[in-house]
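Q: Supplied in structure tokens, the structure appears directly below.
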Amino acid sequence: GNNMVAIYILVALVAYLIGSISFSVIFTKKLAGFDVREKGSKNAGSTNVLRTAGKKVAILTLVCDVLKGVIAVLFAKFIGKVDNFEHTEYLVQLAGLMVALGHTFPIFFGFKGGKGVATSLGVIMIINWQIGLICLVFALILMILTRIVSLGSVAAAILFPVLTLFITENYSVPGDYRIFGILLGVFVCFNHRANIKRLLKGEEKRIF
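All the letters of the sequence shown, read from the start, carry residue numbers 3 to 210 under the working numbering.
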């Protein structure tokens, strides 16, 4: 019992700390000489990095933000395996939520982070590559058609929990992901609340 609580705390803490590494801030400071949170939309995400620091820094940020989600979930899987944990899927889900939370409220960067899209994509890809690919392609098509990044992000965040209802295979750790899907989807949508308001008013910025 005690051991189980300790494992949950360990996974939650490590995932949160991984999430808290704000690559957008680190890279813009090191490579562009400014803090991304002081320019453009003031958001610490890849889209704002693209707007303010250009393609190279944005791609680097995006890749590293995706990797945060990947590493957090792989860590949870590893701990579950080593400990012969009965419900590794709960560890994986906890890690997925905590890494997204860390990305949005990073302890190392004054709790001012990004919206968790790239990191959530990394999480989803490791949890279920099939669902991950569907969400990614769906988001990309919407982004290309509308040139609005947030629309693709929000739509994918809504699609993810829907897919967890219908797709029951290809989970790297078998289990029930429906509640997790809703929680992650709601969290990403909550982080886009300002974007959603602008979308509804037709005022959301287009890119390129």
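Note that beta-carbon positions come from the ideal geometry of N, C-alpha and C, so glycine has one too. In this text, all values refer to a predicted model and were calculated from it rather than measured experimentally.
Please go through the same chain and pick out, in chain order, the residues whose beta-carbon is closer than 7 Å to the beta-carbon of I73, but skip the five residues on each side of it.
A: I20
Q: Is the segment 141-150 in contact with the segment 87-107, if contact means three or more CB pairs nearer than 8 Å?
A: no
Q: Tell me N172's beta-bridge partners as DSSP assigns them.
A: According to DSSP, which records beta bridges pairwise, N172 is partnered with nothing at all.
Q: Distance, Cα to Cα, V190 vs P163?
A: 12 Å
Q: Flag this pair as yes or no: are the beta carbons of S174 and I133 separated by less than 8 Å?
A: no
Q: Touch check for the segment 151-167 and the segment 68-87: three-plus C-beta pairs under 8 Å?
A: no
Q: For A8, is the classification buried or exposed, using 16 other Cβ atoms within 10 angstroms of its Cβ as the cut-off for buried?
A: exposed
Q: Please classify I23: is it buried, with 16 or more other beta-carbons within 10 angstroms of its beta-carbon, or exposed?
A: buried
Q: Could you tell me how far apart the beta carbons of I160 and G187 are, in whole angstroms, since I believe they sit closer than 8 Å?
A: 6 Å
Q: The alpha helix (DSSP H) that contains I81, what's its start and end?
A: K57 to V84
Q: Going by the beta-carbon positions, is the gap between T106 and G98 smaller than 8 Å?
A: The criterion of a C-beta distance shorter than 8 Å is not satisfied by T106 and G98.
Q: Rounded to the nearest angstrom, what separates K114 and F182 at their Cα positions?
A: Going from the Cα of K114 to the Cα of F182 covers about 24 Å.
Q: Does DSSP classify N5 as helix, strand or coil?
A: helix
Q: Distance, Cα to Cα, I126 vs K79?
A: 13 Å
Q: Give the secondary structure of N130 by DSSP, where H, G and I count as helix, E and B as strand, and everything else as coil.
A: strand
Q: Between which two residues does the alpha helix (DSSP H) containing T30 stretch?
A: First-last for T30: undefined, no H or E at that position.
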